[in-house]
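Please read the structure below before turning to the comments.
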Amino acid sequence: MSAAPARVHNLPAARAQFGDLIGRLLPAFERADPLGDAAAAWLSTCPEGHAVFEAALVRPERAPEPVAALLESVAGLPEWVEPARLARASHLFSRAGVVGGFVLGLRSLVLGYAAPAGNKPLTFSGRLREAAPRRLAETARFVTAVCEPGGLLPGGEGRAIALRVRLMHAQVRRLLLATGRWNHAAWAVPINQHDMLATGLLFSHIYLDGLRLLGLQVGPDEADDYVHLWRLASWILGVDGDLVPDREPAARRLAECIFLTQGPPDADSRALTAALLQAPLQAARTPGERRLAAARVRLSGSICRHLIGHGLADALGVPSERHPFSVSLLASVFGGLDRLRAALPPIDASAVALGRRYWDLVVDVGLNGERPTYPMPDRLGRRPPPPDSL
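Following this line, the structure appears as structure tokens:
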């Protein structure tokens, strides 16, 4: 059995509760993405690396060898993919609309920041603190592209963005290791298989549970379809196939094991969470915009506490303020509307259309009408954490 890195907490309890699952997860801390790393290493030596990769997405047969190998590894679809399940998952994401926006920003992302070792690559990059609105809009565009109808099929925009994100991760991994400040003993391999798997769970099972906490009905089959979609997304992103679940019960068990062993939030967790919650204030320009942004920040804090629990919210420094809106009442309203949608097909179709328009607006406003590119970075942020940080 593989030795556990220093970042793994509560190991005896995890072994008692999850048995051989923890044994499968431990080696994943030391595995990265060889094909992605090789492609990023080659492209980083090319002055027009981004353009070369974009051309390869269109004409893979003309790609340089390391890039061709990466693209060939995810050509077509695995035999286990069921397109009808992908379509049903896309329907769920779209009809969730604004509720899904709350969950993605105030549960999925926040729970990712809570992981004290998993958050270190983002902390080193400095991008969330320096450009929070754009970073969040780029994440929203990635998720919406993955979840739009046909997004992960060959030629889909979600597939292309997932490959760009995979290369970006590989380049960040290279830059982190080159700093000499990456504490391998404490944090294991940067952006390793365990952490990539955990990210997929944040966007699948953790997202599903968040929808339920805000009143939406998500049945077992519908939830399994959504996990299936993110299994395919994770495969394109370079996660080992033997790690990724295809049904929600297995995804839930993995998430519970990961949360048990990741340890409590640290100072970086709190800084990242604060940057996310304060993003509307960073984007505000006029006094009126700042007043509206302050109200959004207060509401976001209340919803975040509802979605992650008050104990973790306290540990992350999420403000506890009285707010004129009751989140429980808001969830009841969302739930009532969702039950009406489920009962009347025309309302269901309208909810899907409105949900897609909502996400288009979120991305367009966050990016100021610009198109996200997800390029490979050539440097990291200016203020990495100390090497002994856990």
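Using this note's numbering, the letters of the sequence shown correspond one by one to residues 2 to 391.
Backbone N, C-alpha and C define an ideal beta-carbon position, used for all residues, glycine too.
Note that the structure is a prediction, hence the values are computed from the model and not measured.
Is residue i helix, strand or coil by DSSP?
| i | result |
| --- | --- |
| W183 | coil |
| S321 | coil |
| T262 | helix |
| R349 | Reading the sequence as shown, one finds Asp at residue 349 and not Arg. In the structure shown, D349 sits in a helix (DSSP, three-state: H, G or I). |
| P387 | Summary for P387: the model assigns pLDDT 49, below 50, so the residue's position carries little reliability, and this model does not support an answer. |
| Q279 | coil |
| R8 | coil |
| D267 | coil |
| T287 | coil |
| R157 | The amino acid at residue 157 is misidentified as Arg; the sequence shows Gly. Looking at G157 - three-state DSSP - the assignment turns out to be coil, as it is neither helix nor strand. |
| R380 | coil |
| L308 | helix |
| A189 | coil |
| S91 | helix |
| E139 | helix |
| P134 | helix |
| W81 | coil |
| A76 | coil |
| L368 | coil |
| P13 | helix |
| A118 | coil |
Suppose you measure from the CA of residue i to the CA of residue j; what does that come to, to the nearest Å?
| i | j | result |
| --- | --- | --- |
| L293 | L330 | 22 Å |
| I348 | P191 | 45 Å |
| G242 | L355 | 34 Å |
| R380 | D339 | 45 Å |
| G37 | G337 | 45 Å |
| A256 | P265 | 15 Å |
| G220 | A252 | 15 Å |
| L308 | P65 | 46 Å |
| K121 | D269 | 8 Å |
| A284 | L362 | 15 Å |
| G334 | Y375 | One detail in the question is off: residue 334 reads as Val in this sequence, not Gly. Approximately 37 Å between the Cα atoms of the pair. |
| A56 | L282 | 38 Å |
| E249 | V298 | 32 Å |
| R89 | V59 | 28 Å |
| R254 | D21 | 12 Å |
| P388 | F125 | Reliability fails at P388, whose pLDDT of 44 lies under 50, so the model's placement of it is uncertain and the value that follows must be treated cautiously. In a straight line, the C-alpha of P388 is about 11 Å away from that of F125. |
| R86 | S235 | 16 Å |
| S390 | A332 | Bear in mind that a pLDDT of 44 at S390, under 50, signals an unreliable position, so the number given afterwards is only what the model happens to contain. If you take the alpha carbons of S390 and A332, they lie about 38 Å apart. |
| R160 | G152 | 6 Å |
| V353 | R63 | 39 Å |
| P61 | L202 | 30 Å |
Note the first and the last residue of the continuous alpha helix (DSSP H) segment covering residue i.
| i | result |
| --- | --- |
| Y1 | There is no way to answer for residue 1, as the model of the chain reaches only from 2 to 391. |
| E410 | Since the first residue shown for the chain is 2 and the last is 391, residue 410 is missing from the structure and cannot be characterised. |
| S126 | 121-126 |
| V111 | 110-114 |
| L107 | Per DSSP, L107 belongs to no alpha helix (DSSP H) and is neither H nor E. |
| S333 | 328-344 |
May I ask whether a heavy atom of the ligand GDP can be found less than 8 Å away from the beta carbon of residue i?
| i | result |
| --- | --- |
| A179 | No copy of the ligand GDP occurs in the structure displayed, which carries no ligand at all. |
**Report entry** Within the segment 192-253, ranges of the alpha helix (DSSP H) (whole runs, at least 4 residues)
**Finding:** The qualifying runs are 194-204, 206-214, 221-238.
Query raised in the report: With contact counted as at least three CB pairs below 8 Å, one residue from each stretch, are the segment 106-120 and the segment 149-167 in contact?
Result: Verdict: no, contact absent.
Query raised in the report: Mind pulling the alpha helix (DSSP H) runs of 4 or more residues that sit fully within the segment 15-73?
Result: You should have 21-26, 35-45, 50-59.
Query raised in the report: Do the segment 164-177 and the segment 91-104 touch if we need at least three Cβ pairs shorter than 8 Å?
Result: No, because fewer than three Cβ pairs between the segment 164-177 and the segment 91-104 fall closer than 8 Å, the two stretches do not touch.
**Report entry** Inter-stretch contact (C-beta, 8 Å, three-pair minimum) for the segment 313-328 and the segment 268-276
**Finding:** Contact between the segment 313-328 and the segment 268-276 is present: three or more C-beta pairs spanning the two stretches fall below 8 Å.
Report task. Check whether the segment 202-214 touches the segment 40-56, taking contact to mean three or more Cβ pairs, one atom from each stretch, closer than 8 Å. Result -> Flag = no, the segment 202-214 and the segment 40-56 do not touch.
Query raised in the report: Is the segment 184-200 touching the segment 19-30 in the sense that three or more CB pairs, one from each, lie closer than 8 Å?
Result: With three or more CB-CB distances shorter than 8 Å, the segment 19-30 counts as touching the segment 184-200.
Query raised in the report: Counting pairs of Cβ atoms below 8 Å between the segment 3-20 and the segment 172-187, do you hit three or more?
Result: Touching, yes.
Requested in this report: Would you be able to state if there are at least three C-beta pairs under 8 Å between the segment 223-240 and the segment 85-96?
Outcome: Touching, yes.
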